[in-house]
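A.B. asks: Residue numbers (the numbering used here), protein chains in the order written: chain H, 3 to 63; chain W, 101 to 877.
Submitted below is the structure of interest, expressed as structure tokens.
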Amino acid sequence: MDILFLLIPISLIIMGIAIWVFLWAIRSGQFEDLEGPAHRILMDDDDPMIPRKPQLKDDDE
Amino acid sequence: MCCRGCQAVAQAIVDGGLGDFYRYRTATSPQVKDLVPEALAERVLYDRDDLQQSFVQKQAGEIREASLILEGIVCAACVWLNERHVRALPGVLEFAVNYSTHRARLRWDNHRIRLSDILEAISAIGYHAHPFDPGRQEQVYREERKAALRRLAVAGLGMMQVMMLAVALYSGADEGMDPALRTFLRWVSLLLTLPVVVYSAKSFFTSAWRDLKRRQLGMDVPVSIAIGSAFLASAWATVTDSGDIYFDSVTMFTFFLLAGRFLEMGARHRAGQAAEELVKLLPATAARLGDHGEERVPVSDLAPGDRVLVRPGESVPADGRITEGRSSVDESLLTGESLPQVRNPGDLLIGGTVNNESPLVMQVESVGEGTVLSAIVRLLDRAQTEKPSVARLADRVAGWFVAALLLLAAAVAWWWWQHDAVRAFAVTLSILVVTCPCALSLATPAAVTAATGALTRLGVLTTRGHALETLARATHVIFDKTGTLTEGRLRLESVVLVGDRDRESCLRLAAALEQASEHPIAHALCASVDSLAAASDIVATPGLGIEGSVDGQRYRIGVAAYVSGLQGLAREQPSVAGDYPDGVVLGDAQGLLAHFSFADRLRAWAAESVAQLQGLGLEVELLSGDRLEAVQAVAQELGIARYRARCQPQDKLARINELQRQGAVVAMVGDGVNDAPVLAAAQVSLAMGSGTQLAHASADMVLLSEQLPHLAQAVRTSRRTLRVIRQNLGWALVYNLVAVPLAASGWVAPWMAAIGMSSSSLVVVLNALRLRTTGSE
Chain H
3 MDILFLLIPI
13 SLIIMGIAIW
23 VFLWAIRSGQ
33 FEDLEGPAHR
43 ILMDDDDPMI
53 PRKPQLKDDD
63 E
Chain W
101 MCCRGCQAVA
111 QAIVDGGLGD
121 FYRYRTATSP
131 QVKDLVPEAL
141 AERVLYDRDD
151 LQQSFVQKQA
161 GEIREASLIL
171 EGIVCAACVW
181 LNERHVRALP
191 GVLEFAVNYS
201 THRARLRWDN
211 HRIRLSDILE
221 AISAIGYHAH
231 PFDPGRQEQV
241 YREERKAALR
251 RLAVAGLGMM
261 QVMMLAVALY
271 SGADEGMDPA
281 LRTFLRWVSL
291 LLTLPVVVYS
301 AKSFFTSAWR
311 DLKRRQLGMD
321 VPVSIAIGSA
331 FLASAWATVT
341 DSGDIYFDSV
351 TMFTFFLLAG
361 RFLEMGARHR
371 AGQAAEELVK
381 LLPATAARLG
391 DHGEERVPVS
401 DLAPGDRVLV
411 RPGESVPADG
421 RITEGRSSVD
431 ESLLTGESLP
441 QVRNPGDLLI
451 GGTVNNESPL
461 VMQVESVGEG
471 TVLSAIVRLL
481 DRAQTEKPSV
491 ARLADRVAGW
501 FVAALLLLAA
511 AVAWWWWQHD
521 AVRAFAVTLS
531 ILVVTCPCAL
541 SLATPAAVTA
551 ATGALTRLGV
561 LTTRGHALET
571 LARATHVIFD
581 KTGTLTEGRL
591 RLESVVLVGD
601 RDRESCLRLA
611 AALEQASEHP
621 IAHALCASVD
631 SLAAASDIVA
641 TPGLGIEGSV
651 DGQRYRIGVA
661 AYVSGLQGLA
671 REQPSVAGDY
681 PDGVVLGDAQ
691 GLLAHFSFAD
701 RLRAWAAESV
711 AQLQGLGLEV
721 ELLSGDRLEA
731 VQAVAQELGI
741 ARYRARCQPQ
751 DKLARINELQ
761 RQGAVVAMVG
771 DGVNDAPVLA
781 AAQVSLAMGS
791 GTQLAHASAD
801 MVLLSEQLPH
811 LAQAVRTSRR
821 TLRVIRQNLG
831 WALVYNLVAV
841 PLAASGWVAP
851 WMAAIGMSSS
861 SLVVVLNALR
871 LRTTGSE
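The following block contains the structure:
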């Protein structure tokens, strides 16, 4: 069971990393819009994959 | 296509290669109004540096950042369309729309594009963007939310780790464990619990301290005592390597409490955003008339006594009185009156309303905080801070409960100290933990939050806490007719021909005359013809009608007396209009040509919804300001036995008071067409989503979905909520009655107490979560 003396400190470090990642996510606003991304993924930048008439461009404004 | 505007928008969208919008959208967009040139001019003013000060952050070089409120977002496809369209503009560096709040963050390079161009590009695809000052509430909300999430994250991760170690320690206690490993695990638990107590639970300590300073006993006092003493005792036990540790109870307790408060906060913020949107009704600039003629100034610079010019199509910048001019004013945003009101010199103008017909000069009387609009915003704010009375009761009871609990704990501690000093602390802690009013304090908020969430997904927004509870006890439902049971939009119902012209040509003439008007009757007339003829020399007389030439002949449309005036003599006309007060008359120099009457269509599922409400045992009544025949027809079609026509707001109020004296609990459903006082008088009120801001402000719930069947669902949900709250309170009571004697007599170890406390809270929360499924019923 001596391995626990090594494994538990490692788990503490992993937990520290998890908290750091979480705090980063909060700081960078990942939790600000919880509804939009679910819809957004349905219609994002996959337009070039959809065959289209060649003269149409997305950014001709 | 519903109008030419839509056609233009559709064209712009397809031309821009954004046709996917039509494939992905899940709801149709609201109709757009044509922009008058003055509104365009106002937008250019947003480019001025002095005006940008309030809402634009300048960054390195000419890079600027602003927050926008986007109007007209109904589904994710709108977000997608806006983002794609605006990001494609040269000079726009970043444009991100938040779908939950309908706010957008914009960063642009001022060298390459101006703010007004971006705003114009947004309205070109049919949405409206207003800059707003996020410095106030929005910023506060965001910080509050982030801080709560950080605390929750630390508590959650700490709890998981400590629980894992606790399982090892508990099973080790039975199986026999290496003492060195046991000490090590206890130290690690201490290390993990430290940030949870110091950081996550800090808010409990500060609020308990605040309570104590005000000589009150809130929920947070025993919470703090339990967390603080359990932690200190466990830390002491760890350091001295003796006795039991309760780190698992401490972290679990903190996490559950924080999670409950986080959910509550989310509901509060959503409601608060509604108030923020009201502020944008005021324009950003106004045309002040000074010694040197007209100048454009920011509205914040206006002072009482200033003279301001309000052009047709502009919003009134502040409250004041008309000094020159006569026009009709659209007050629907504030009062819900769907027809524009005629205003003469000396009449009051309310800030935020829209001038429809001709220029007005007004003298400003009050600005800023003193205006009607900010009074409404304050009303809304206050309404949102109210707590449901069940929760207030729970809080009051909790105060006594806490006092009794502390006394009991002290008595038990004293008794044990006398008889068995070694176990005194463990028993006292068990009492504090086992009786923690967690279940009691979670009973109401958990149920209300779950039900509110389920209803919000349906499109029924609960703005006041007591709404659910009162709706559950309602005995009478009173409907307003226009805009509530009906759609509130006029449609041409019939054309009575008086002269020798046919129906088509009369309609064509009427539409030609009315095409420039903003009046709802004009919209209905224009919508009933395919193509519009040209009219010239159009003169509108507010409140009476419109005169103009079509194909070289002069015509008038409007109220009968005014149209007769064109025939040169005010002779008595056959009273066609008598039976149809909603109608208008068309005439030329020879005489009357036609009479148009208008009607309002019933909303979808109106009859089914009324039947459902009656099925739930509610008395349904109809009170309307409309004429008897119209009300009678609607009541008969919907199966409503009791109805009253021609009700003034005070008549409606009297009827509600009468019902209330008989002991009825009245739920009022209206859309704010002068309903605001009635909505406020009823015990619980619901406003339609298309209704006015004033109605929303005075209503307890807002039916954003505009689906009448959701009313019955809201009633069912509220009844279930009340049932769940009672179950929860009952469970918490029974649990305490059983657990306290056991704990006081020393039968319950602190870890058992923690499990008991947690499971009793869990039962309460899970019971409340059953309400979330209500929507699929």
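Glycine residues also receive a C-beta, built at the ideal position from the N, C-alpha and C atoms.
Computed from a prediction, not measured in an experiment: that's the story for all the values here.
#1: Using 10 angstroms around the beta-carbon of residue 159/W, count the other beta-carbons present and answer buried if the total reaches 16, otherwise exposed.
#2: Grab me the residues of residue 662/W's own chain with a C-beta within less than 6 Å of its C-beta, minus the 5 sequence neighbours each way, in chain order.
#3: Taking any Cβ of chain W, which residues in the region 4-17 of chain H have a Cβ under 9 Å from it, in chain order?
#4: Which residues in the same chain as residue 288/W place their Cβ atom closer than 7 Å to its Cβ, once the five residues preceding and following it in sequence are excluded?
#5: Grouping DSSP H, G and I as helix and E and B as strand, with all else coil, what is residue 728/W?
#6: Under the rule that 16 or more other beta-carbon atoms within 10 Å means buried, what is residue 313/W, buried or exposed?
#7: Any idea what DSSP makes of residue 314/W, helix, strand or coil?
#8: Consult DSSP for residue 57/H and reduce its assignment to one of helix, strand or coil.
#9: Within the 8 Å Cβ cut-off, does residue 28/H reach chain W?
#10: Cα-Cα, which of 782/W, 768/W, 848/W is closest to residue 578/W?
#11: By the three-class DSSP mapping on this structure, what secondary structure does residue 655/W have?
#12: What residues in its chain sit with their C-beta under 7 Å from that of residue 341/W, if we drop five residues either side in the sequence?
#13: Between the region 579-599 of chain W and the region 709-729 of chain W, are three or more C-beta pairs nearer than 8 Å?
#14: Report the option in 866/W, 414/W, 464/W whose CA atom is closest to the CA atom of residue 551/W.
#15: Could you tell me the distance, in whole angstroms, from the CA atom of residue 694/W to the CA atom of residue 588/W?
#16: List, in order along the chain, the chain W residues whose C-beta lies closer than 7 Å to that of residue 21/H?
#17: Going by beta carbon distance, what residues of the same chain come within less than 7 Å of residue 261/W, once the five residues before and after it are set aside?
#18: Would residue 42/H count as contacting chain W if we go by Cβ distances under 8 Å?
#19: What span of residues does the alpha helix (DSSP H) with residue 399/W cover, start to end?
#20: By the criterion of Cβ-Cβ separation under 7 Å, what are the contact partners of residue 250/W in chain H?
#21: Along the beta strand (DSSP E) that carries residue 17/H, what are the first and last residues, could you check?
#22: I'd like to know whether the C-beta of residue 68/W is nearer than 8 Å to at least one C-beta of chain H.
#23: Out of curiosity, what's the CA-to-CA distance linking residue 595/W and residue 410/W?
#24: Determine, using beta carbons only, whether residue 875/W comes closer than 8 Å to chain H.
#25: For residue 341/W and chain H, any beta-carbon pair shorter than 8 Å?
#26: Is residue 35/H close to chain W? Criterion is C-beta to C-beta, closer than 8 Å.
#27: If distances are taken between C-alpha atoms only, which option among 868/W, 447/W, 306/W comes closest to residue 831/W?
#28: For residue 516/W, which of helix, strand or coil comes out of DSSP?
#29: Determine, using beta carbons only, whether residue 425/W and residue 460/W come nearer to each other than 8 Å.
#30: Whole angstroms are fine: how far does the CA of residue 240/W sit from the CA of residue 184/W?
#31: What residues of chain H sit near residue 278/W, judged by a beta carbon separation below 7 Å?
#32: Could you compute how far the alpha carbon of residue 171/W sits from the alpha carbon of residue 218/W?
#33: From 275/W, 362/W, 322/W, pick the residue whose C-alpha is nearest to that of residue 350/W; which is it?
#34: Kindly indicate if chain H contains any beta-carbon less than 8 Å away from that of residue 210/W.
#35: So the candidates are 620/W, 649/W, 198/W, 810/W; which of them puts its Cα closest to the Cα of residue 708/W?
#36: Could you check the C-alpha separation between residue 706/W and residue 712/W for me, to the nearest Å?
C.D. replies: Walking through what the data contain:
#1: Position 59 of the second sequence holds residue 159/W. In summary, residue 159/W is exposed, with fewer than 16 beta-carbon neighbours lying within 10 Å of its beta-carbon over all protein chains present.
#2: Translated into positions along the second sequence, residue 662/W becomes position 562. Contacts found: 644, 645.
#3: Answer in chain order: 4, 6, 7, 10, 11, 13, 14, 17.
#4: Walking along the second sequence from the start, residue 288/W turns up at place 188. Excluding positions up to five away in sequence, the list reads 265.
#5: As a working mapping, residue 728/W is identified with position 628 in the second sequence. Note: residue 728/W maps to helix in three-state DSSP.
#6: As a first step, residue 313/W is located in the second sequence; it is residue number 213 there, counting from the start. It counts as exposed.
#7: Counting from one through the second sequence, the residue named residue 314/W turns up at place 214. Shown here, residue 314/W sits in coil according to DSSP, grouped into three states, outside any helix or strand.
#8: Position 55 of the first sequence, counting from 1, holds the residue named residue 57/H. At residue 57/H, the pLDDT of 46 sits below 50, so the modelled position is not reliable; the number obtained from the coordinates is stated separately. Coil at residue 57/H, not helix or strand.
#9: Residue numbering aside, residue 28/H sits at position 26 when the first sequence is read from its first letter. Using beta-carbon distances, residue 28/H counts as an interface residue toward chain W, with a partner under 8 Å.
#10: As a working note, residue 578/W is residue 478 in the second sequence. The residue from 782/W, 768/W, 848/W with its alpha-carbon nearest to that of residue 578/W is 768/W.
#11: As a working note, residue 655/W is residue 555 in the second sequence. Residue state, collapsed to three classes: strand.
#12: Your numbering for residue 341/W matches position 241 in the second sequence. So the list reads 283, once near-sequence residues are dropped.
#13: Segments in contact, yes.
#14: The count along the second sequence starts at 1 and reaches residue 551/W at position 451. Checking every option, the nearest Cα to that of residue 551/W belongs to 866/W.
#15: Translated into the one-based positions of the second sequence, residue 694/W becomes position 594. Translated into the one-based positions of the second sequence, residue 588/W becomes position 488. A direct Cα-Cα distance of roughly 24 Å separates residue 694/W from residue 588/W.
#16: Position 19 of the first sequence, counted from the first residue, corresponds to residue 21/H. Within 7 Å Cβ-Cβ: 253, 254, 257.
#17: As a first step, residue 261/W must be located in the second sequence, where it is residue number 161. So the qualifying residues of the chain are 292.
#18: Your numbering for residue 42/H matches position 40 in the first sequence. At least one C-beta of chain W is nearer than 8 Å to the C-beta of residue 42/H.
#19: The sequence position of residue 399/W within the second sequence is 299, counting from 1. Note, residue 399/W: premise wrong, no alpha helix (DSSP H); not H, not E.
#20: Residue numbering aside, residue 250/W sits at position 150 when the second sequence is read from its first letter. 25, 28, listed in chain order.
#21: In the first sequence, counting from the first residue as 1, residue 17/H sits at position 15. Per DSSP, residue 17/H is not a residue of any beta strand (DSSP E); the alpha helix (DSSP H) it occupies stretches across 6-29.
#22: Given a span of 101 to 877 for chain W in the structure shown, any question on residue 68/W remains unanswerable.
#23: Within the second sequence, numbered from 1, the residue matching residue 595/W stands at position 495. Within the second sequence, numbered from 1, the residue matching residue 410/W stands at position 310. Roughly 36 Å separates the two Cα atoms.
#24: Position 775 of the second sequence holds residue 875/W. Below a pLDDT of 50, predicted positions are generally treated as unreliable, and residue 875/W, at 46, falls in that range; the measurement from the model is reported next regardless. For residue 875/W, the answer is no, since every Cβ of chain H falls outside 8 Å of its Cβ.
#25: Looking up residue 341/W in the second sequence gives position 241. Cβ-Cβ to chain H under 8 Å: no for residue 341/W.
#26: Residue 35/H sits at position 33 when you count from the first residue of the first sequence. Answer yes: the Cβ-Cβ gap between residue 35/H and chain W drops below 8 Å somewhere.
#27: If you number the second sequence from 1, residue 831/W lands on position 731. The candidate whose alpha carbon is nearest that of residue 831/W is 868/W.
#28: Position 416 of the second sequence, counted from the first residue, corresponds to residue 516/W. In this structure, residue 516/W counts as helix in the three-state DSSP scheme.
#29: Here residue 425/W corresponds to residue number 325 of the second sequence, with the count starting at 1. Here residue 460/W corresponds to residue number 360 of the second sequence, with the count starting at 1. Cβ atoms of residue 425/W and residue 460/W: closer than 8 Å.
#30: Here residue 184/W refers to the residue found at position 84 of the second sequence. Here residue 240/W refers to the residue found at position 140 of the second sequence. So the two alpha carbons sit approximately 30 Å from each other.
#31: Residue 278/W sits at position 178 when you count from the first residue of the second sequence. Within chain H, the residues near residue 278/W are 3.
#32: Along the second sequence, read from residue 1 onward, the residue named residue 171/W stands at position 71. Along the second sequence, read from residue 1 onward, the residue named residue 218/W stands at position 118. Approximately 15 Å between the Cα atoms of the pair.
#33: In the second sequence, counting from the first residue as 1, residue 350/W sits at position 250. Of the listed residues, the one whose Cα sits closest to residue 350/W is 322/W.
#34: To locate residue 210/W, count along the second sequence from 1; it is residue 110. Not a single C-beta of chain H is nearer than 8 Å to the C-beta of residue 210/W.
#35: The residue you call residue 708/W lines up with position 608 of the second sequence. Distance check between residue 708/W and each of 620/W, 649/W, 198/W, 810/W places 810/W closest, using alpha-carbon atoms only.
#36: By one-based count along the second sequence, residue 706/W stands at place 606. By one-based count along the second sequence, residue 712/W stands at place 612. Taking the straight line joining both Cα atoms gives about 10 Å.
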